[in-house]
Amino acid sequence: MMPLAGYLTISVALFCIGLYGLVQRRSLIAMLIALELMLAAASLNVVALTTLAAGAAGGGVARQIGAGHASSVGQVVALILIGVAAAEAAIALSLFVAIQRYASTINVEDLSELKG
Amino acid sequence: MTWGTGLFWVSGTLALLGAVLAVGLRNIFHNILGFALALVGVAGLFLTLGSDFLAMVLILVYVGALAIAMVYAVMLSYPLDTKPEPRRLPKVVGAAALAMLAAAALFIVVLGAHFVAGTGPSETSAAWVGRRLLSDYVLAFELISVLLVVAMIGAVMVARKARMPKAPLQRAPRIIG
């Protein structure tokens, strides 16, 4: 079993790669991909912390349901995150198709109608 | 090296490599493939944490559904024969600096925190996840189902072609008696 720091390091790296992509890319779909990477990093963080660390976050729950099953709470949170991410991505992709139909581009630098 | 450690290193490498491919390549299809690779790596990391059900759900939802939906969105929206525009150096440098800054801040927080080692993964995780979802977290479970239905209907409504009336609306002739 790897130590917690390994998981947290990978999570930080994934998050920052996603942040770089979100800022640097200009296509809306590429920005969505980067955003989903950041969400995956967050859920990895939640699962790793609830599985491998006891303490402030997991302590009460672990006492309540038995120490071995505190990680199931983190897994439930990660499942909910996946569900929200899926709903968000469905809406976002349909918006991109609508934007493409309206403005003939999904390059964010060309979508500047609201700029004053 | 045990089985879990090997899986950890392989999955971590896959996740980071996939993330770099998903962000760094120019072709949007290659980006989507890199994204799928990164999510397979994250699922492997979930496996090493004992979250087998979560790993399978992640692969199903992200790689199976989301990547396919992204490919559809690309095919519906991109002019596929145009060359991508060149990158602007100041923007790349600024984005990299921002990401590095965020990474440094997060590393300071993460490595400075003191975590008490827990008990490690349990054996029967899927059964416990199901029990949690249908007892303590049943409200969140139901809300997610409602959210998914609303998102699905909303996506259809947003993406379908708005039906413009071809001719001006014809009113029913009023009978003036």
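Read top to bottom, the protein sequences are chains W and V.
In terms of this note's numbering, the first sequence opens at residue 1375 and continues consecutively.
In terms of this note's numbering, the second sequence opens at residue 6 and continues consecutively.
Ideal Cβ positions, reconstructed from N, Cα and C, are used throughout, including at glycine.
Since the structure is predicted, the reported quantities are computational estimates derived from the model, not experimental observations.
{"query": "For A110 of chain V and G23 of chain V, I'd like the C-alpha separation in whole angstroms.", "result": "23 angstroms"}
{"query": "Identify the contact partners of F40 of chain V in chain W, using a Cβ-Cβ distance below 8 angstroms as the criterion.", "result": "I1407, E1410 and L1411"}
{"query": "Alpha carbon to alpha carbon, how far is A1463 of chain W from A70 of chain V? Give it in angstroms, no decimals.", "result": "10 angstroms"}
{"query": "So with Cβ pairs under 7 angstroms, would you call L1455 of chain W a contact of chain V?", "result": "no"}
{"query": "Which whole-angstrom value is the C-beta distance of F58 of chain V and A131 of chain V, which I expect to be below 8 angstroms?", "result": "4 angstroms"}
{"query": "Could you tell me whether any Cβ in chain W is nearer than 7 angstroms to the Cβ of F34 of chain V?", "result": "no"}
{"query": "Taking only beta-carbon atoms, is A72 of chain V less than 7 angstroms away from chain W?", "result": "no"}
{"query": "So that I know if they touch, is there some Cβ in chain W lying closer than 7 angstroms to that of V45 of chain V?", "result": "no"}
{"query": "Name, please, each residue of chain W whose Cβ falls closer than 8 angstroms to the Cβ of L21 of chain V.", "result": "I1384, A1387, L1388 and I1391"}
{"query": "Please report the straight-line C-alpha distance between L1413 of chain W and F1389 of chain W, rounded to a whole angstrom.", "result": "8 angstroms"}
{"query": "How would you list, in chain order, the residues of chain W whose beta-carbon sits under 7 angstroms from the beta-carbon of M157 of chain V?", "result": "A1464"}
{"query": "Using only CA atoms, which one of W:A1466, W:T1479 and W:L1488 lies nearest to L1406 of chain W?", "result": "W:A1466"}
{"query": "How would you label M75 of chain V, buried or exposed, when you count the other beta carbons within 10 angstroms and need 16 or more for buried?", "result": "buried"}
{"query": "Look at S1385 of chain W and L1418 of chain W and say whether their C-beta atoms are less than 7 angstroms apart.", "result": "yes"}
{"query": "Output the distance between the C-alpha atoms of R165 of chain V and A1472 of chain W, rounded to the nearest integer angstrom.", "result": "8 angstroms"}
{"query": "If we count the other Cβ atoms within 10 Å of its Cβ and call it buried at 16 or more, is S82 of chain V buried or exposed?", "result": "buried"}
{"query": "What residues from chain V crowd round L1469 of chain W, counting only those whose CB sits closer than 7 angstroms?", "result": "V163"}
{"query": "How about the segment 11 to 25 of chain V and the segment 39 to 58 of chain V: do they share at least three Cβ pairs that are nearer than 8 angstroms?", "result": "yes"}
{"query": "Going by C-alpha distance, which of W:G1448, W:A1387 and W:L1396 is nearest S56 of chain V?", "result": "W:G1448"}
{"query": "Below 8 angstroms on the Cβ atoms is my contact criterion, and I expect L1396 of chain W with A1408 of chain W to pass it. Report the Cβ-Cβ distance as a whole number of Å.", "result": "4 angstroms"}
{"query": "Starting from S1478 of chain W, follow its DSSP beta bridges and name the residues at the other end.", "result": "Partner(s): none; S1478 of chain W has no beta bridge."}
{"query": "What's the call for I37 of chain V, buried or exposed, on a 16-neighbour Cβ count within 10 Å?", "result": "buried"}
{"query": "Run the CB neighbour count on A1427 of chain W, radius 10 Å, all protein chains shown included, and call it buried at 16 or more, exposed below.", "result": "buried"}
{"query": "Going straight from the alpha carbon of A1404 of chain W to that of H119 of chain V, what length do you get?", "result": "36 angstroms"}
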